[in-house]
């Protein structure tokens, strides 16, 4: 039986966003961080995921995804154009897009299409929550720096 | 051969996703069976069941009950190969249900698991009947097969086929490890296309979910375009995160100072809050903005945890709290005007 915890809807709740924001602020206060802000934010997101998803596990296992992707040499795609059929072209485009998506979602390169879609769905929901929470945190911190101190409830309720 | 194994595994997986619980059992059986048996290279019809063709023919000409059923079904089916198939489906149903009960028996396990695996395929469900099977028929299975026949009858009566039927028997709670996929009229019913279709349905359902998630994907038709949109969306989200984290890292040195202001319950007097606005701008040009802002705001509170380690060297918090000016003056780089301003602000506050 799937509860809210195992669906991508869990990323939509306000409480989840609040928790993430608080934890993010806490983590960013520390000085002994070994990761960049981006990495800590992603790791925190992965932790919040609870280990149920493949992308979260991939993020936590030493940042396999985005940093290393830029350094990889692109493998030569094997030639599929043996015939000029439309089907071949469609399949090729489809495969290319699937591969791109697999590379975008951490840890999902060699995954079946349906699993990839699952992971992508959860990942997108999580990313959206991350963007909301981080923009709230950044807004509040920047605002606080200039001296105006809106109550924390601003950030907590923010759910755009 | 691999295609068959794969498609079978997929159909059992699909059954698992739809809520049946004995998927593991089904898969294991399938793989074990596949390993031990060598199917014929003939048509998939007999290859699955590994019956010599004479036995298959015997099944086709089975009892009167089935024959009448076959006759009845022939009116409603387009293709010619169907009439016997429903009869076979019946027997397969009966025997596969039997197989679930008797699956623990090792001697007949191969036969049984074959029935288990052959269940999903409508057109090819011929039971691998060995002579000892009929005596294993239990009343509950007969009940279930009766229910299934009823469903089939209803289906035939209306002339339409239900796309997928998960056989839920109200009498017993046993979950079957597979999904019954009924073929629509005019669609091919061999194992590959059935399994393929089940897979496609699953994928399409997931794509629909994604379309709801990604804004602007509802209008787009076609998997490739939707994939494009999804990719764009993910990339834009990642870029946004990147941008926000850059902003946060620039704000970062001040985070700790501002934390207590964020979390504090106490309210601040207007004078105090206005003050930083006046004092800060000239300070920022030094590049010591963070020091000044904190000094202005937090004369009472010095939430200096570990942050000041890189800036001021290791110092204990009490020292800061007691002698903030001293600690600030000990800071080397470009702190020339800082103490002056701090004393000014201190006086004014």
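Protein chains in written order, with my numbering: chain A, 965 to 1124; chain B, 240 to 588.
Glycine included, every Cβ here is placed at the ideal spot set by N, Cα and C.
Since the structure is predicted, the reported quantities are computational estimates derived from the model, not experimental observations.
Proximal chain B residues relative to residue i, where beta-carbon distance stays under 8 Å
{"i": "residue 1077 of chain A", "result": "442"}
{"i": "residue 1068 of chain A", "result": "470, 473, 474, 477"}
Under 9 Å by beta carbon: chain A residues contacting residue i
{"i": "residue 424 of chain B", "result": "What residue 424 of chain B touches in chain A: nothing, since even the nearest Cβ is about 25 Å away."}
{"i": "residue 449 of chain B", "result": "1081, 1084, 1085, 1088"}
7 Å Cβ cut-off: residues of chain B touching residue i
{"i": "residue 1061 of chain A", "result": "463, 466, 467, 470"}
{"i": "residue 974 of chain A", "result": "What residue 974 of chain A touches in chain B: nothing, since even the nearest Cβ is about 13 Å away."}
{"i": "residue 1188 of chain A", "result": "Residue 1188 of chain A is absent from the structure shown; chain A starts at 965 and stops at 1124."}
C-beta contact flag for residue i and residue j at 8 Å
{"i": "residue 969 of chain A", "j": "residue 1018 of chain A", "result": "no"}
{"i": "residue 992 of chain A", "j": "residue 1001 of chain A", "result": "yes"}
{"i": "residue 1089 of chain A", "j": "residue 466 of chain B", "result": "no"}
{"i": "residue 1080 of chain A", "j": "residue 1103 of chain A", "result": "no"}
{"i": "residue 1015 of chain A", "j": "residue 1021 of chain A", "result": "yes"}
{"i": "residue 985 of chain A", "j": "residue 1101 of chain A", "result": "yes"}
{"i": "residue 1005 of chain A", "j": "residue 480 of chain B", "result": "yes"}
{"i": "residue 456 of chain B", "j": "residue 468 of chain B", "result": "yes"}
{"i": "residue 1097 of chain A", "j": "residue 981 of chain A", "result": "yes"}
{"i": "residue 459 of chain B", "j": "residue 1064 of chain A", "result": "no"}
{"i": "residue 988 of chain A", "j": "residue 476 of chain B", "result": "no"}
Per-residue burial, residue i [other beta carbons within 10 Å of its own, 16 or more giving buried]
{"i": "residue 972 of chain A", "result": "buried"}
{"i": "residue 338 of chain B", "result": "At residue 338 of chain B the pLDDT is 48, less than 50, meaning the model places this residue with poor confidence and gives no usable figure here."}
{"i": "residue 454 of chain B", "result": "exposed"}
{"i": "residue 1077 of chain A", "result": "buried"}
{"i": "residue 974 of chain A", "result": "buried"}
{"i": "residue 1085 of chain A", "result": "buried"}
{"i": "residue 437 of chain B", "result": "buried"}
{"i": "residue 430 of chain B", "result": "buried"}
{"i": "residue 1093 of chain A", "result": "buried"}
{"i": "residue 356 of chain B", "result": "Because the pLDDT of residue 356 of chain B is 44, which lies under 50, any placement of that residue in the model is unreliable, and the number read from its coordinates should be weighed accordingly. With 16 or more other Cβ atoms within 10 Å, it is buried."}
{"i": "residue 1025 of chain A", "result": "exposed"}
{"i": "residue 426 of chain B", "result": "exposed"}
{"i": "residue 484 of chain B", "result": "buried"}
{"i": "residue 1057 of chain A", "result": "exposed"}
{"i": "residue 1069 of chain A", "result": "buried"}
{"i": "residue 474 of chain B", "result": "exposed"}
{"i": "residue 428 of chain B", "result": "buried"}
{"i": "residue 1062 of chain A", "result": "buried"}
{"i": "residue 434 of chain B", "result": "buried"}
{"i": "residue 529 of chain B", "result": "Because the pLDDT at residue 529 of chain B is just 44, under 50, the model does not fix this residue reliably, and the value given afterwards should be weighed accordingly. Label assigned to residue 529 of chain B: buried."}
{"i": "residue 998 of chain A", "result": "exposed"}
{"i": "residue 363 of chain B", "result": "Confidence is the limiting factor: at residue 363 of chain B the pLDDT is only 44, short of 50, which leaves the residue's position unreliable and the question unanswerable from this model."}
{"i": "residue 1071 of chain A", "result": "buried"}
{"i": "residue 1010 of chain A", "result": "buried"}
{"i": "residue 979 of chain A", "result": "exposed"}
{"i": "residue 464 of chain B", "result": "exposed"}
{"i": "residue 1050 of chain A", "result": "exposed"}
{"i": "residue 1052 of chain A", "result": "exposed"}
{"i": "residue 534 of chain B", "result": "Any reading at residue 534 of chain B must be qualified, since the residue scores a pLDDT of 46, below 50, and its modelled position is unreliable; the value itself is stated next. Classification for residue 534 of chain B: buried."}
Proximal residues of chain A, C-beta to C-beta of residue i below 8 Å
{"i": "residue 445 of chain B", "result": "1078, 1081, 1082, 1085"}
{"i": "residue 484 of chain B", "result": "1000, 1001, 1002, 1005, 1098"}
Interface residues of chain B facing residue i [CB-CB closer than 9 Å]
{"i": "residue 1058 of chain A", "result": "462, 463, 466"}
{"i": "residue 1010 of chain A", "result": "Going along chain B, no residue has its Cβ under 9 Å from residue 1010 of chain A, so there is no contact; the nearest lies around 13 Å."}
{"i": "residue 1065 of chain A", "result": "466, 469, 470, 473"}
Chain-ordered chain A contacts of residue i [CB-CB under 7 Å]
{"i": "residue 433 of chain B", "result": "Simply none; closest approach about 17 Å."}
Any C-beta of chain C under 8 Å from that of residue i
{"i": "residue 984 of chain A", "result": "The structure shown contains no chain C; its protein chains are A and B."}
task = Select from the region 1089–1104 of chain A all residues with a C-beta closer than 8 Å to any C-beta belonging to chain B, and list them in chain order.
result = Shown in chain order are the members of the region 1089–1104 of chain A whose Cβ falls below 8 Å from a Cβ of chain B: 1089, 1091, 1092, 1094, 1095, 1098, 1099, 1101, 1102, 1104.
key: Residues of the region 1012–1024 of chain A with Cβ closer than 7 Å to any Cβ of chain B, in chain order   = Correct list: empty, as no residue qualifies.
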